[in-house]
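Student: Residue numbers (our numbering): 3 to 333.
A virtual CB, placed ideally from N, CA and C, is assigned to each residue, including glycine.
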Amino acid sequence: MRQSWFPFLLGLLFLVAIIQQGNTLGRQMTENNSSPEPVATGNSGTLWHGTNHLQIPFGTAQGNLAWYGYELIANTSFYLGPKGTAGQISNAMNCQNCHLGAGTLPFANNFGKVYATYPQFRSRSNKVQSIYGRINDCLERSMNGKLLDTASLEIRAMYAYIQWLGQDVPKGNNPAGTGVPKLEYINRAASPDEGKKVYVATCQSCHGANGQGQPNVGGTGYIYPPLWGAGSYNDGAGLYRLSSFAGFVKYNMPFGADYNKPQLTTEEAWDVAAFVNSQPRPHKDQSMDWKNIRLKPADVPFGPYPDSFSTQQHKYGPYKPIIEAAKRRGN
Ligand code: HEC
Ligand code: HEC
3 MRQSWFPFLL GLLFLVAIIQ QGNTLGRQMT ENNSSPEPVA TGNSGTLWHG
53 TNHLQIPFGT AQGNLAWYGY ELIANTSFYL GPKGTAGQIS NAMNCQNCHL
103 GAGTLPFANN FGKVYATYPQ FRSRSNKVQS IYGRINDCLE RSMNGKLLDT
153 ASLEIRAMYA YIQWLGQDVP KGNNPAGTGV PKLEYINRAA SPDEGKKVYV
203 ATCQSCHGAN GQGQPNVGGT GYIYPPLWGA GSYNDGAGLY RLSSFAGFVK
253 YNMPFGADYN KPQLTTEEAW DVAAFVNSQP RPHKDQSMDW KNIRLKPADV
303 PFGPYPDSFS TQQHKYGPYK PIIEAAKRRG N
């Protein structure tokens, strides 16, 4: 008798502990409205953090849809990965691997501004894009997969979760701490050689000597997601740009670091970005991207460019001369 109750009690305790932790985390984040460096571009003044998914209402049609959306974002591979139960359209990563805490944590590529700021013009596709289109972008590039039909339950569920998370953000508002953190540029090219040293010392223990990550026991996903190789994001993904990678990693890696206590220096973050993004990964045809090349950010590693700087410099920097030249041209 005692023995059969034990696992149940343990489970209950675990659940209570998780809820407690979620609450404390939420409080800590509200109280801390500053970040160590000028990484925020927001205009609302308060640092955004998302509500824990356990607060999603139960039993309503909209609530159930948002719950499923949370599940899809936290455990994407289980549903949509190579052995996915709802379809096999993506690699074995989870959205949450890059949108930490299922898109709720400040400076961790969260979803805080998405519902308030989409549809929006996007310079990469040169058109106005919906939230569905943006989710599909990450599926196709960051998850090296295929698009979801906009009528599918799965994309509507992810939309419902993102809408629920962002429901209190006023339309058009871009609160501090949302999206990918911006890092200041360094005055030299980022160095793959220096980055390799950072990788071996601070990343390899989890992400592996060949960047391959560590699969979970069932082979349905990862304990530690891959950073390069066949299972990783493709070269059309946001993280393939050094600025996004460096900003994300400085404030979130090694796992456990956050904007309050970053463990990498800014230089280390740029260098490790250069190392990881000089390793092999899946290729995506991007000939249709950036039709207006004048809107191309300095660190897009593929030409053509509206200037005469080399592809090498666009990929690794130094970026300041490129940005100065663009200003002189008037864009
Ligand atoms: C390999 C990392 C990675 C994975 C996996 C990933 N994303 Fe993203 N996502 C990014 C990055 C980086 C950006 C920002 C890119 C940029 O702005 O250039 C982004 C941006 C977004 C945005 C827009 C955010 C904003 O503030 O404008 C949405 C929405 C989004 N992702 C949804 C998803 C969903 C849903 C999934 C899973 C199906 C997913 N992402 C998987 C890296 C990832
Ligand atoms: C203690 C283990 C650990 C260490 C050390 C670590 N990471 Fe991670 N990393 C993770 C985990 C776990 C995730 C996924 C987070 C999640 O799903 O909540 C992740 C996710 C990532 C991602 C986004 C997902 C992907 O696979 O592209 C990047 C990029 C990343 N780590 C880079 C780094 C870099 C660079 C370092 C070294 C500076 C590093 N990590 C050190 C555990 C670690």
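Nearest to residue 322 by CA position, among 293, 189, 202, is which residue?
Tutor: Translated into positions along the sequence shown, residue 322 becomes position 320. Looking at the Cα atoms, 189 is the closest of the given residues.
Student: Where do the ends of the alpha helix (DSSP H) carrying residue 198 lie?
Tutor: Along the sequence shown, one-based indexing puts residue 198 at 196. Segment 194 to 204, the alpha helix (DSSP H) holding residue 198.
Student: Is residue 302 buried or exposed, if buried means 16 or more other CB atoms sit within 10 Å of its CB?
Tutor: By one-based count along the sequence shown, residue 302 stands at place 300. It is buried - the Cβ of residue 302 has at least 16 other Cβ atoms within 10 Å.
Student: Nearest to residue 70 by CA position, among 154, 264, 239, 305, is which residue?
Tutor: As a position in the sequence shown, residue 70 is number 68, starting the count at 1. Looking at the Cα atoms, 154 is the closest of the given residues.
Student: Between the Cα of residue 116 and those of 179, 149, 225, spot the shortest distance and give me the residue it belongs to.
Tutor: Working through the sequence shown from its first residue, we reach residue 116 at position 114. The option with the nearest alpha carbon to residue 116 is 179.
Student: Where do the ends of the alpha helix (DSSP H) carrying residue 80 lie?
Tutor: Stepping through the sequence shown from its first residue, residue 80 is reached at position 78. Membership of residue 80 in the alpha helix (DSSP H) is indicated by the continuous run 78 to 82.
Student: What's the call for residue 333, buried or exposed, on a 16-neighbour Cβ count within 10 Å?
Tutor: Residue 333 sits at position 331 when you count from the first residue of the sequence shown. Counting Cβ neighbours within 10 Å, residue 333 comes out exposed, since fewer than 16 surround it.
Student: Have a look at the DSSP bridge pairing and note the partners of residue 216.
Tutor: Working through the sequence shown from its first residue, we reach residue 216 at position 214. DSSP, once it has assigned bridges, lists 226 as partnering residue 216.
Student: Grab the span of the alpha helix (DSSP H) containing residue 278 for me, first residue to last.
Tutor: For the purposes of this step, residue 278 is taken as the residue at position 276 of the sequence shown. Per DSSP, residue 278 belongs to the alpha helix (DSSP H) from 268 to 278.
Student: Quick one: is the Cβ of residue 234 within less than 8 Å of any heavy atom of ligand 2?
Tutor: As a position in the sequence shown, residue 234 is number 232, starting the count at 1. Yes - ligand 2 has a heavy atom lying nearer than 8 Å to the Cβ of residue 234.
Student: Grab the span of the beta strand (DSSP E) containing residue 171 for me, first residue to last.
Tutor: Within the sequence shown, the letter at position 169 stands for residue 171. It is not in any beta strand (DSSP E) - residue 171 carries neither H nor E in the DSSP assignment.
Student: In chain order, what residues of the same chain have a beta carbon less than 8 Å from the beta carbon of residue 90, not counting five sequence neighbours either side?
Tutor: Within the sequence shown, the letter at position 88 stands for residue 90. 82, 83, 84, listed in sequence order.
Student: Is residue 268 a contact residue of ligand 2, with contact defined as CB to any heavy atom under 8 Å?
Tutor: By 1-based counting over the sequence shown, the position of residue 268 is 266. No, Cβ of residue 268 sits at least 8 Å from all heavy atoms of ligand 2.
Student: Quick check on residue 340: does DSSP put it in helix, strand or coil?
Tutor: Coverage of the chain is limited to positions 3 through 333, which leaves residue 340 absent and any answer about it impossible.
Student: For residue 256, which of 209, 273, 244, 145 has the nearest alpha-carbon?
Tutor: Counting from 1 along the sequence shown, the entry for residue 256 is found at position 254. Nearest option by C-alpha distance: 209.
Student: Using the Cα positions of residue 62 and residue 263, report the straight-line distance between them to the nearest angstrom.
Tutor: Taking the first residue of the sequence shown as 1, we reach residue 62 at position 60. Taking the first residue of the sequence shown as 1, we reach residue 263 at position 261. Distance between the alpha carbons of residue 62 and residue 263 is about 39 Å.
Student: What residue range does the alpha helix (DSSP H) around residue 315 cover?
Tutor: Within the sequence shown, numbered from 1, the residue matching residue 315 stands at position 313. Here the alpha helix (DSSP H) through residue 315 covers 313 to 318.
Student: Work out the CA separation of residue 309 and residue 330 for me, nearest whole Å.
Tutor: Locating residue 330 in the sequence shown gives position 328, where the first residue counts as 1. Locating residue 309 in the sequence shown gives position 307, where the first residue counts as 1. So the two alpha carbons sit approximately 11 Å from each other.
Student: How about residue 163 and residue 51: are their beta carbons less than 9 Å apart?
Tutor: As a first step, residue 163 is located in the sequence shown; it is residue number 161 there, counting from the start. As a first step, residue 51 is located in the sequence shown; it is residue number 49 there, counting from the start. The answer is no: Cβ separation not under 9 Å.
Student: When the distance is taken between beta carbons, is residue 319 closer than 9 Å to residue 192?
Tutor: As a working mapping, residue 192 is identified with position 190 in the sequence shown. As a working mapping, residue 319 is identified with position 317 in the sequence shown. It is a contact, given that the beta carbons lie within the stated cut-off.
Student: Can you tell me which of the three DSSP states residue 331 falls into?
Tutor: What you label residue 331 is simply residue 329 of the sequence shown in a count that begins at 1. Residue state, collapsed to three classes: helix.
Student: Are the beta-carbon atoms belonging to residue 75 and residue 98 less than 9 Å from one another?
Tutor: For the purposes of this step, residue 75 is taken as the residue at position 73 of the sequence shown. For the purposes of this step, residue 98 is taken as the residue at position 96 of the sequence shown. Cβ distance < 9 Å, so residue 75 and residue 98 count as in contact.
Student: What residues match up with residue 181 in a beta bridge as DSSP calls it?
Tutor: For this step, residue 181 is matched to residue 179 along the sequence shown. According to DSSP, which records beta bridges pairwise, residue 181 is partnered with 112.
Student: Is it right to say residue 317 is buried, meaning 16 or more other beta carbons lie within 10 angstroms of its own, or is it exposed?
Tutor: In the sequence shown, counting from the first residue as 1, residue 317 sits at position 315. Result: buried.
Student: At least one CB of chain D closer than 9 Å to the CB of residue 329: is that the case?
Tutor: Given the protein chain composition of this structure (a single chain), no chain D is represented.
Student: May I ask you to report which of helix, strand or coil DSSP gives residue 293?
Tutor: For the purposes of this step, residue 293 is taken as the residue at position 291 of the sequence shown. Here residue 293 sits in coil by DSSP.
Student: DSSP puts residue 259 in a beta bridge; with which residues?
Tutor: Here residue 259 corresponds to residue number 257 of the sequence shown, with the count starting at 1. Answer by DSSP bridge pairing, in chain order: 257.
Student: Pick helix, strand or coil for residue 150, following the three-state DSSP scheme.
Tutor: On the sequence shown, position 148 is the one that residue 150 refers to. The answer is coil: DSSP assigns residue 150 none of H, G, I, E or B.
Student: Using CA coordinates, which residue listed in 242, 307, 297, 312 is at the minimum distance from residue 280?
Tutor: Against the sequence shown, residue 280 aligns to sequence position 278. It is 242.
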